[in-house]
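Residue numbering for the sequence shown follows the working numbering, beginning at 4 and increasing consecutively.
We put the CB at the ideal spot given by N, CA and C, even for glycine.
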Amino acid sequence: MSTPHNSANPGDFAKTVLMPGDPLRAKFIADTFLEDARLVNNVRGIHGYTGTYRGAPVSVMASGMGMPSIGIYSYELFSQYDVENIIRIGSAGAISPKLKVRDVVAAQGACTNSNFFHQYGLPGLIAPIADFTLLETAVGAARELGVEMPVGNLLSSDTFYDASNTTLKWGEMGVLAVEMEAAALYWTAMKLGRRALAICSISDHLVTGEDLPADQRQTTFTTMMRIALETAVKMAEK
């Protein structure tokens, strides 16, 4: 049952997996929020844990950085471990003046400069979009927690250091923030008939120049984590 990147056994993962990029953020979530959390995968240091949150089974596993990496881990979780829902919980850089650092945003869609989609051999482009049920559930969970969570387009970029200096142009088209994984996750879920959603905390602001240090990005995005966990509980009830 194990894959080249995952040593878990059948049944080790819950139906809903929270997927931060950072393995240490996965560990933080397991240690802080999950009851009876156990390590089910640690191949290449990509921590994967399963436990319960408010009585519902929940897993959390890191994706690494970038679309090729999340493409591998999400594909294996969906196709080999029968995972139904993956919620990316990551950081993003704001490119909209409407946002501020530590805001939480949900990606209804994911614009991209990536060639990841070309593998499917279609004559056009399928828009990478979130599963509506997951998105609607997450928006409801945020409201119950008293959080106003903007919903819109994110930019999934293949480059962190953008030599073209064009990232802010996406903001002129109403794109909220830039990150590096959502589009590949959405396409993978669409290909395999599963559900995916990206919820991101704003860690820096490309317009104002504000940013957070790495240690705070790892451990302080608890609002985003709670929204995702409450979403997982609600999905377990459906």
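When you compare each of 22, 54, 121 and 18 to residue 228 by their alpha carbons, which one comes out closest?
As a working mapping, residue 228 is identified with position 225 in the sequence shown. Minimum Cα distance to residue 228 is reached at 22.
Count the other C-beta atoms from every protein chain shown that fall within 10 angstroms of the C-beta of residue 162, then say buried if there are 16 or more, exposed otherwise.
Counted from its first residue, the sequence shown places residue 162 at position 159. By the 10 Å Cβ count, residue 162 comes out exposed.
Can you name, in chain order, every residue of its own chain whose Cβ lies under 6 Å from the Cβ of residue 40, other than the five neighbours on each side?
Taking the first residue of the sequence shown as position 1, residue 40 is located at position 37. Closer than 6 Å at Cβ, skipping near neighbours: 33, 52 and 54.
Check the DSSP bridge columns for residue 199 and list the partner residues they point to.
Translated into positions along the sequence shown, residue 199 becomes position 196. Residue 199 is bridged to 89.
Would you identify the three-state DSSP class for residue 230, choosing helix, strand or coil?
To locate residue 230, count along the sequence shown from 1; it is residue 227. In this structure, residue 230 counts as helix in the three-state DSSP scheme.
Could you have a look at residue 186 and say whether DSSP puts it in helix, strand or coil?
Taking the sequence shown and counting its residues from 1, one reaches residue 186 at position 183. Reduced to three states, the DSSP call for residue 186 is helix.
Span of the beta strand (DSSP E) holding residue 41?
To locate residue 41, count along the sequence shown from 1; it is residue 38. It spans 38 to 44 - the beta strand (DSSP E) in which residue 41 sits, taken as one unbroken run.
Does residue 224 pass the burial test, meaning 16 or more other C-beta atoms within 10 Å, or should it be called exposed?
The residue labelled residue 224 in the question sits at position 221 within the sequence shown. Buried: at least 16 other Cβ atoms inside 10 Å.
Do you know how far the Cα of residue 193 is from the Cα of residue 174?
To locate residue 174, count along the sequence shown from 1; it is residue 171. To locate residue 193, count along the sequence shown from 1; it is residue 190. Each residue's Cα considered, the two are about 26 Å apart.
Measure the Cβ-Cβ separation of residue 202 and residue 92 and say whether it is below 8 Å.
The count along the sequence shown starts at 1 and reaches residue 202 at position 199. The count along the sequence shown starts at 1 and reaches residue 92 at position 89. Contact flag set, yes.
Nearest-angstrom Cα distance between residue 15 and residue 241?
Sequence index remark: in the sequence shown, residue 15 carries index 12 (1-based). Sequence index remark: in the sequence shown, residue 241 carries index 238 (1-based). Looking at the two C-alpha atoms, the distance is approximately 21 Å.
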